[in-house]
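*Asks:* Here's a structure for you.
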Amino acid sequence: MTATYTFDVFASLDGFGSYNSDGDWGGYWGKHGPEFLDRRLAMYSPDQRMVLGANTFRQFVRLLGAVIAQPDGLDPVNTRMRNMPTTVVSTTLEGPLDWPDATLVSGNAVNVVARLKKESAVPLRSHGSLSMNRALMAAGLVDRVQLTIFPVLTGRTGEHPVFAGAADFDLELLESRTFDGHIQELTYRPTPH
């Protein structure tokens, strides 16, 4: 049996995955609400394995590490993400990793994820890791693209276009949801065009 692999990504309406230091948006572009946060916690609660590329892993350690040091600590969603079994795919990082349940695997992400899909008893999910997931999509290893669109345009401050340089895909809409009256979550099955 092959494990399902979901590429889970956030974007502004104009397709950017983040904003630069001139942006004053705040986390989730400042648009999150209780429905969205409840959904994220429910989505990450079942057993699954996180798969991250080196750049996203470094960002997670930097951002979440700073929050852990604060008196209130992490919110439930980020606490769950941080404590999930995680495979970090990298040719540049060296262990040990500063993450509770992380395994560092050196090598080509396509080969690593193809093996994980065959061996994993639980679904696989990757949040962010844009270049890695574009390569995995091109190799036919992504079963679901879960795109959460926040109601902002970041034409001036936007960075990291989510699908820039990706191959062409037809997308079959599997599910759509609206949270807090303005956040769209769209789940697609990608098929090479």
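Under my numbering, the residues of the sequence shown are numbered 11 to 203, in order.
Ideal placement from N, C-alpha and C gives every residue a C-beta, glycine not left out.
1) What three-state label does DSSP hand residue 21 in the structure shown?
2) If you drop the 5 nearest sequence neighbours on each side, which residues of the same chain put their C-beta closer than 6 Å to that of residue 64?
3) Closest to residue 20 by C-alpha separation, out of 44, 139, 122, 176, would be which residue?
4) Are the stretch 109-123 and the stretch 45-53 touching by the rule of at least three beta carbon pairs closer than 8 Å?
5) So residue 112 is in the beta strand (DSSP E); what residue range does that whole segment cover?
6) What is the C-beta distance between residue 66 and residue 153, in whole angstroms, given that I count them as a contact (C-beta under 8 Å)?
7) Following the continuous alpha helix (DSSP H) through residue 44, name the residue where it begins and the one where it ends.
8) Can you list, in chain order, the residues of its chain with a C-beta nearer than 7 Å to that of residue 74? Leave out the 5 residues immediately preceding and following it.
9) Identify whether residue 98 lies in helix, strand or coil by the three-state DSSP scheme.
10) When the Cα atoms are used, what is the spatial distance from residue 94 to residue 111?
11) Determine, using beta-carbon pairs with one atom in the stretch 161-168 and one in the stretch 129-144, whether at least three such pairs fall under 8 Å.
12) Using the Cα positions of residue 12 and residue 52, report the straight-line distance between them to the nearest angstrom.
13) Measure the C-alpha to C-alpha separation of residue 193 and residue 86 and round it to an integer number of angstroms.
14) What does a CB cutoff of less than 7 Å around residue 28 pick up in its chain, not counting 5 residues either side in sequence?
15) Take residue 61 and list the residues in its own chain whose beta-carbon comes closer than 6 Å to its own, dropping the five residues that flank it on each side.
16) Mapping the DSSP letters down to three states, classify residue 141 as helix, strand or coil.
17) How is the alpha helix (DSSP H) around residue 86 delimited, first residue to last?
18) Just mark residue 55 as buried or exposed, buried being the case when its beta carbon has 16 or more other beta carbons within 10 Å.
*Replies:* Let me lay it out:
1) On the sequence shown, residue 21 is found 11 positions in, with the first residue counted as 1. Residue 21: strand per DSSP, three-state reduction.
2) Position 54 of the sequence shown, counted from the start, is the residue given in the question as residue 64. If we look at residue 64 and ignore the five residues flanking it on each side, its Cβ neighbours are 100, 102, 103.
3) Position 10 of the sequence shown, counted from the first residue, corresponds to residue 20. Selected option, being the one with the closest Cα: 139.
4) no
5) Translated into positions along the sequence shown, residue 112 becomes position 102. Segment 112-115, the beta strand (DSSP E) holding residue 112.
6) Position 56 of the sequence shown holds residue 66. Position 143 of the sequence shown holds residue 153. Not really, about 19 Å apart at Cβ, beyond 8 Å.
7) Within the sequence shown, numbered from 1, the residue matching residue 44 stands at position 34. It spans 44-54 - the alpha helix (DSSP H) in which residue 44 sits, taken as one unbroken run.
8) For this step, residue 74 is matched to residue 64 along the sequence shown. Within the same chain, residue 74 has close Cβ partners 84, 88, 92.
9) For this step, residue 98 is matched to residue 88 along the sequence shown. Strand.
10) Position 84 of the sequence shown, counted from the start, is the residue given in the question as residue 94. Position 101 of the sequence shown, counted from the start, is the residue given in the question as residue 111. Their backbone Cα atoms lie some 7 Å apart in a straight line.
11) no
12) Here residue 12 refers to the residue found at position 2 of the sequence shown. Here residue 52 refers to the residue found at position 42 of the sequence shown. One C-alpha to the other measures close to 23 Å.
13) Locating residue 193 in the sequence shown gives position 183, counting from the first residue. Locating residue 86 in the sequence shown gives position 76, counting from the first residue. In a straight line, the C-alpha of residue 193 is about 19 Å away from that of residue 86.
14) Position 18 of the sequence shown holds residue 28. Around residue 28: 169, 170.
15) To locate residue 61, count along the sequence shown from 1; it is residue 51. Around residue 61: 97, 134, 136.
16) Walking along the sequence shown from the start, residue 141 turns up at place 131. Three-state result, residue 141: helix.
17) Translated into the one-based positions of the sequence shown, residue 86 becomes position 76. Here the alpha helix (DSSP H) through residue 86 covers 86-93.
18) Taking the first residue of the sequence shown as position 1, residue 55 is located at position 45. Exposed, by the Cβ-count rule.
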